[in-house]
Structure formats: C-alpha cells, structure tokens
Amino acid sequence: MNIYITTVQRFCSKLLLILFPFAALAAGDHSEHTAETVCNFPTLQCAQAPSAKFDSRGRLWSAWAFGGHIYVNYSDDKGVSYSQPISINPVPENISARGENRPKIAFDKGEGIYISWTTALEKKYTGNVRFSSSSDYGVNFTTPVTVNDNRDLIGHRFDTMQVSDDGHVYLAWVDKRDRERVRASGGKYRGAAIYYSWRNPDELNFQPNIKIIDHSCECCRVTMDLDENQLPVVMWRNIYGDNIRDHAITSFTSNSQFSVPQRATHEQWKIDGCPHHGPDIRVEDGTYHAVWFNNAEEKHGLFYAFSTDKGETFSVPYNFGNYSQRASHPNVLALDNSIYLAWKEFDGEQVNMMINRSGDRGESWGVPTKVATLSGNVDYPQLLQYENTPYLFFKTDHSGFQLIPLGDLNVEK
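Position in the sequence shown (from 1) plus 1 gives the number in the numbering used here.
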C-alpha cells in the first residue's frame, strides 16, 4: 500500500503556526473582516467548499480544498476550535471545489477516514474522481487514486460517497464516457450518465465501474445515503423526454445490484442548460427523505417528499422556502421522528440561513426559522448530527466555519 506520510505536513503546520499566529484555526476568532480576505495560507476563512461530518466518537471532521491540496482538520469541542489542517495529496491537483462539486468525507466504525473529490483536467468540463483513505484515524493517508476506470479526457465529476460501518466504500458520479462514444459515431446523446463503483474493506482497488443510467443532468450534484442494510440509495437530476429535468432514484440490493431507477419528482422543469442545483437524500428506518429544487412555471422552488416503499412512490411534495428571496440548495436530516430542512435565502442585501422541522416524520411542518443572517460569500448549508443532536454547518469568507446546534430550537407549530 502506498502511504503518504503526513509527518512533514505536521512539521510545516507547526512552523506555519509559529510564523503566522492567525493561522491557528480557532473558530472563536469570528471578527468580521472589513476588507476582502487575503488567502495565502490554508485558514478556515480560505477553505474552499468544505464538507463536514461527525465521526462515531463525536469528533467533527472537515475536508476542503486550498492551493491544489485537499486538507482535513477536526474539532473536539463542537466547533469552538480546530486542529491544524493536514494535506492528504502530496502532488498538487486542480481540485474542483465550489458549490455542487466539493470534497467528501466519511468514516467507518473503527479508525477509517475516507476522502473523495474531483480533480479538473486541462480541458473544460473534464475531470477525474479521486480517493484517499486513512486507517489510523488521520495520521497517514494513502496515495490518492483515480476511481473512474475510463481515463479519457472527458467529464467524470460531481462525486458522492458513503462508507458502511465495516468499511465498504461506495461512490457514484456524473460520467460522460457514453455521450462521447455515441456522439463520436454520429449519434445524439442528451446529458451524461450516472456511474458507480465500490471498494471492499481492506482492499486497495475499486471494482469495475457500473453504469446506473443514461441521460442524467451533467452539472448537478449526486446524493447518496445508506439504507438499513448499509447499502446505497442514490438520487440525481435526470433528463426525461425533451429536456425535462426532474429527479430519479435507485436503491442497491447488493454491492453491485440495484433497482430499476424510478422517477422521483414531477414538476416538469424544461430547461436546455445546467441548473447546478442537485438534490439531497437521507434514509431513516426504511423511509427515504428527499429535498430538491425545480423551477418549472407552475411548480417552482424547494420541495420535500418522503417514500416508504424504496422510492417506488413519494408523498405529495411540500413546497418550502421563500421563492422571491431565492430559496436554494436545500439539505435534509432525519433524526428519529424529526426531519430537519436547511436552505439559503437572499433578501437583496444579506444571506439568511433557514431551517424548518417536522416532528412527525415529514407529515406536517412548523414555521420556518431564520438561524443566521450573514453578509459576503456564504457557502451551502449542511445538516449534521451527533447522537441525538442536530447541527447546522456552513462556512463564510468572513468567519470561517460555523456550527449551530439546533436541538433547542422550537420550530414546530
């Protein structure tokens, strides 16, 4: 196994801390910068497109990009302070790190930490899905590998990842290999495809790639969660007919077998372009909880629905958020009987982070609550959980990482 030893990185981090005290990543330093943040070092303010998640011990980890490297760091005090960041790729890469396309982080029930990301190639809209892992709780990371087994100079992007408790790694992404093949022979091909691969515990190599479906949207994030059998449930924006861009879903019955993809949403948004607005899904006790954005003339905005039959049918969608204030990029969390929604709104001057909660598994909803009002560049909201407490995580250029506990918020009617 090729291991990238992070000792030198740690030495450099300590040297950086000595020379530049502001780089001690204390989340408590929330002073607003009056000028645009200057990004010469991997600070929390300069982290690009972070993803965050609690491990089983309650440590909050984040994975993000800066200066051609993927960094990981952690907090043992619920976001009050953070460790010095560690770079996991020794050779700089042109990492895709914005909005819909960001590094991912996941864990097994031991000391395994798993990171995936997309590296852009020299041609526009091309890229490879990359992966690295640690088996010793972040002390060392493996040399990054490319997951897509097609290495043409085309798009393999917008990866999503989950890891089972025993260390099975599951990845899905948007892939253009079939589009290029069909178009090269003179045919027509709309959109891209969704591809998938997995890695067994303690193995180095990923299994051969499997195509899930043709004609997916080529520029929206894919989302994945694990069901009660620790197998993937995948959702993505799909293309139906003449550029109707609704959403589809599939569930896996084994590492390599999956159900026929079902259409999950029916707003009938017709657009010959890239929405850059993918869905999110969580699975809790066999129920799928999904959120998405569509912008059809009659049905538009943010939507939530649930399925109790593995995606065969969904409940009547709940339309939420203030459409006139650009409600966008929803996230969902299922925690026992409570379902949390988070999203962004913009009132023309400031960004508002909004949440809502259902106490009856999505049957009814409370009143939306504004939990933060922000200025400047504000990243997408992410809902996290540790034990029975939900959290809202996001990043701003002014204040770095923000973590807000939601357990005490009364947002029900």
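Backbone N, C-alpha and C define an ideal beta-carbon position, used for all residues, glycine too.
Quiz item: Considering only C-alpha positions, which residue in the set W270, H248, S84, P43 is nearest to A66?
Solution: Translated into the one-based positions of the sequence shown, residue 66 becomes position 65. Comparing Cα-Cα distances from A66 to each of W270, H248, S84, P43, the minimum goes to P43.
Exercise. Would you be able to state if there are at least three C-beta pairs under 8 Å between the segment 126 to 138 and the segment 185 to 194?
Key: no
Self-check item: Cutoff 6 Å; reference K105; Cβ partners in own chain excluding five residues on either side
Solution: For the purposes of this step, residue 105 is identified with residue 104 of the sequence shown, where counting begins at 1. Excluding residues within five positions, the ones whose Cβ falls inside 6 Å are S52, S117, M162.
Quiz prompt | N1 burial status per 10 Å Cβ neighbour count (16 or more: buried) | solution = No statement about residue 1 is possible, as the shown extent of the chain runs from 2 to 414 and does not include it.
Quiz prompt | Residues bridged to L404 (per DSSP) | solution = As a first step, residue 404 must be located in the sequence shown, where it is residue number 403. Per DSSP, F394.
Quiz item: Taking R99 as the reference, which of L404, N357, N378, L385 has the closest Cα?
Solution: What you label residue 99 is simply residue 98 of the sequence shown in a count that begins at 1. It is N378 whose Cα lies nearest to the Cα of R99.
Practice problem: Confirm, please, whether the CB-CB distance from N149 to V170 is below 7 Å. | Solution: Taking the sequence shown and counting its residues from 1, the one referred to as residue 170 is at position 169. Taking the sequence shown and counting its residues from 1, the one referred to as residue 149 is at position 148. The Cβ atoms of V170 and N149 lie no closer than 7 Å to each other.
Practice problem: Put L342 into one of helix, strand or coil per three-state DSSP. | Solution: Here the question's residue 342 lines up with position 341 in the sequence shown. Reduced to three states, the DSSP call for L342 is strand.
Quiz item: Which ranges would you report for the beta strand (DSSP E) in the segment 76 to 160 if only whole runs of at least 3 residues count?
Solution: 105 to 108, 114 to 121, 128 to 135, 141 to 143
Exercise. Would you check if the distance between the CB atom of Y75 and the CB atom of S84 is smaller than 7 Å?
Key: Start at 1 with the first residue of the sequence shown, and residue 75 comes out as number 74. Start at 1 with the first residue of the sequence shown, and residue 84 comes out as number 83. Taking 7 Å as the Cβ cut-off, Y75 and S84 qualify as a contacting pair.
Quiz prompt | Backbone secondary structure at S205 - three-state DSSP | solution = As a position in the sequence shown, residue 205 is number 204, starting the count at 1. Note on identity: in this sequence residue 205 is Leu, with Ser being the wrong assignment. Coil.
Self-check item: Own chain residues within Cβ distance below 6 Å of F207, not counting five before or after
Solution: The residue given as residue 207 occupies position 206 in the sequence shown. Around F207: V148, S198, R200.
Exercise. Identify the continuous beta strand (DSSP E) that holds A193 and give its terminal residues.
Key: Here the question's residue 193 lines up with position 192 in the sequence shown. Unbroken beta strand (DSSP E) run through A193: 193 to 200.
Quiz item: Any idea what DSSP makes of D337, helix, strand or coil?
Solution: Taking the first residue of the sequence shown as 1, we reach residue 337 at position 336. If DSSP states are grouped into helix, strand and coil, D337 belongs with coil.
Quiz item: Per the contact definition of three or more C-beta pairs closer than 8 Å, is the segment 324 to 332 in contact with the segment 340 to 350?
Solution: yes
Quiz item: Out of curiosity, what's the CA-to-CA distance linking K311 and D160?
Solution: Position 310 of the sequence shown, counted from the start, is the residue given in the question as residue 311. Position 159 of the sequence shown, counted from the start, is the residue given in the question as residue 160. Near 22 Å, if we compare the C-alpha coordinates of D160 and K311.
Quiz prompt | The alpha helix (DSSP H) enclosing A53, as first and last residue numbers | solution = Position 52 of the sequence shown, counted from the start, is the residue given in the question as residue 53. That residue, A53, is in no alpha helix (DSSP H); its beta strand (DSSP E) goes 49 to 55.
Exercise. Closer than 6 Å by C-beta to C40: which residues in its own chain qualify, once you throw out the five before and the five after it? Chain order, please.
Key: Within the sequence shown, numbered from 1, the residue matching residue 40 stands at position 39. Same-chain partners within the cutoff: C47.
Quiz prompt | Residues that DSSP places opposite A375 in a beta bridge | solution = Position 374 of the sequence shown holds residue 375. First, the amino acid is wrong: residue 375 is Leu here, not Ala. According to DSSP, which records beta bridges pairwise, L375 is partnered with V352.
Quiz item: How many angstroms separate the CA atom of L404 from the CA atom of R184?
Solution: In the sequence shown, residue 404 corresponds to position 403, counting from 1. In the sequence shown, residue 184 corresponds to position 183, counting from 1. Answer to the nearest angstrom: the Cα atoms are 46 Å apart.
Exercise. May I ask you to report which of helix, strand or coil DSSP gives Q46?
Key: Looking up residue 46 in the sequence shown gives position 45. Note: Q46 maps to helix in three-state DSSP.
Quiz item: Just how far apart, CA to CA, sit E1 and M225?
Solution: Examination of residue 1 is not possible in this model, given that the chain is present from 2 through 414 alone.
Quiz item: Starting from A185 and walking both ways along the alpha helix (DSSP H), at which residues does that stretch end?
Solution: Numbered from 1 along the sequence shown, position 184 holds the residue referred to as residue 185. Element bounds for A185: 178 to 185.
Practice problem: Rounded to whole angstroms, what's the CA-CA distance from A373 to M354? Just pull it up for me. | Solution: The residue given as residue 373 occupies position 372 in the sequence shown. The residue given as residue 354 occupies position 353 in the sequence shown. For A373 and M354, the distance between alpha carbons rounds to 5 Å.
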